[in-house]
Amino acid sequence: MEKRKLGASDLKVSVIGFGAWGIGGHPFWTNEGDNKSVSAVQKAFDLGINFFDTAPVYGFGRSERLIAKALNKKRDKVILATKCGLRWEKESAGSIRKDSSANSIRFEIEESLKRLKTDFIDLYQVHWPDPNTSFRETMEELLKLKEEKKILTIGLSNFSKSQMEECLKYGEFISLQSMYNMLERDLEKDEIPFCKEKGIGIIPYSPLASGVLTGKYDKQTKFRDWRGKGILGHFSGEIYESHIDKVEKLKSFASNYGKKVYHLAINWLLAQEGISTAIVGAKKAVQVQDNQQATGWEISEEDMKNINELLAT
Ligand SMILES: NC(=O)c1ccc[n+]([C@@H]2O[C@H](COP(=O)([O-])OP(=O)(O)OC[C@H]3O[C@@H](n4cnc5c(N)ncnc54)[C@H](OP(=O)(O)O)[C@@H]3O)[C@@H](O)[C@H]2O)c1
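Quick note: the sequence shown uses our numbering, first residue 638, plus one each step.
Below is the structure:
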């Protein structure tokens, strides 16, 4: 599979990455059970995917443990990305809180290393900005972890342009992970130009708009998992309905290439300047295999123009 440099770093990531939120299951998603989750991760590795994005909070440790189980003897061949900065008191979504203090990061790194059964993390990302901790404190602690070789590189997630500017005063980071897909394009205004200028890699998350771009939902769908709770993205109301209208129209563009709309969505994303990898949230091997069809072809210039016009409406 094609690999791209993550920003100005030395990391070369596969253009399709494995997003391991879904396999974490409860309290956010319904997963397919541990055996199918492990098979999905192994299938990804077998198909040449080398970038695996997880987080402690994904299933309260489950996602990291499954990644470790699946990639057991392949540690030196993969790029493991995990996160810090979201803590929980008990295993319920309501108890999750932001904490990027030095003490908390110190606790979290040791827990992640144990769960991932490794002695270093390739890319360690601050999951969300913590309004109660200075960016100086967070960055200084991450730099210490880097010196200690517990992490190789630092990344940020869900940070705005001005928050990234502030962080750069106290340390370095190689990537920004934020929501970006055909339907959610806020990142294009400030963050993408900033990252391109500074050589910061862009890891778009929710490349399929957390499932909306698969084309399997309609205006009547009622989401019973986290998507029904208004946490991230749009899964009800006018914006959701307009997204569904667009997805229906995108299906005919996809069919020009004999593809499904989710192949088109991943292909489109990878065609945007500065994008390194699309971390698709697949939960079973068959999806991982299917998503391979998103690469190895190009959307024509004319279709790209028409698609972008449609997306701008
Ligand atoms: N940093 C952050 O704050 C943050 C936030 C969100 C996500 N992320 C990262 O981004 C990754 C992906 O984002 P995401 O989980 O929001 O969703 P996504 O990748 O946009 O979409 C995932 C959904 O797509 C469906 N899907 C995937 N491949 C499919 C296929 N071949 N056929 C049919 N359906 C398919 C799955 O459906 P089923 O449910 O039916 O299996 C799943 O619900 C996460 O795993 C995580 O690593 C990071």
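Beta carbons: idealized from backbone N, C-alpha and C, even for Gly.
Residue from the options whose Cα sits closest to the Cα of residue i
{"i": "K680", "options": "A919, I876 and G933", "result": "A919"}
{"i": "G852", "options": "K897, T755 and C832", "result": "K897"}
{"i": "L723", "options": "V715, D736 and L717", "result": "D736"}
{"i": "E946", "options": "K886, K710, D927 and V923", "result": "K886"}
{"i": "L643", "options": "G670, L805 and A718", "result": "A718"}
{"i": "E785", "options": "E939, T691 and R743", "result": "R743"}
{"i": "N795", "options": "L750, L708, H880 and C832", "result": "C832"}
{"i": "I686", "options": "Y899, L948, D940 and Q926", "result": "Q926"}
{"i": "D671", "options": "Q930, G933 and A922", "result": "A922"}
{"i": "H880", "options": "A908, L907, E910 and S847", "result": "S847"}
{"i": "L684", "options": "M801, L948, N928 and E939", "result": "N928"}
{"i": "H900", "options": "G836, S676, A931 and E803", "result": "A931"}
Buried or exposed (CB count within 10 angstroms, at least 16 for buried), residue i
{"i": "D855", "result": "exposed"}
{"i": "P768", "result": "exposed"}
{"i": "R734", "result": "exposed"}
{"i": "W658", "result": "buried"}
{"i": "K883", "result": "buried"}
{"i": "K714", "result": "exposed"}
{"i": "Q814", "result": "buried"}
Rounded separation between residue i and residue j - CA only
{"i": "A902", "j": "S843", "result": "11 angstroms"}
{"i": "W666", "j": "D862", "result": "6 angstroms"}
{"i": "I936", "j": "E726", "result": "47 angstroms"}
{"i": "I811", "j": "N943", "result": "33 angstroms"}
{"i": "D756", "j": "E748", "result": "11 angstroms"}
{"i": "E825", "j": "I839", "result": "11 angstroms"}
{"i": "I758", "j": "V650", "result": "15 angstroms"}
{"i": "G895", "j": "N904", "result": "13 angstroms"}
{"i": "M941", "j": "S732", "result": "43 angstroms"}
{"i": "S729", "j": "R702", "result": "18 angstroms"}
{"i": "E777", "j": "A645", "result": "21 angstroms"}
{"i": "S700", "j": "L820", "result": "27 angstroms"}
{"i": "K787", "j": "P830", "result": "31 angstroms"}
{"i": "T828", "j": "E910", "result": "Reading off the sequence shown, one finds Glu at residue 828, where the question assumed Thr. The straight-line gap from Cα to Cα measures roughly 13 angstroms."}
*asked:* Quick check for students: name the residue ranges of the alpha helix (DSSP H) that lie wholly in the stretch 776 to 810, counting only runs of 4 or more.
replied: 798 to 805
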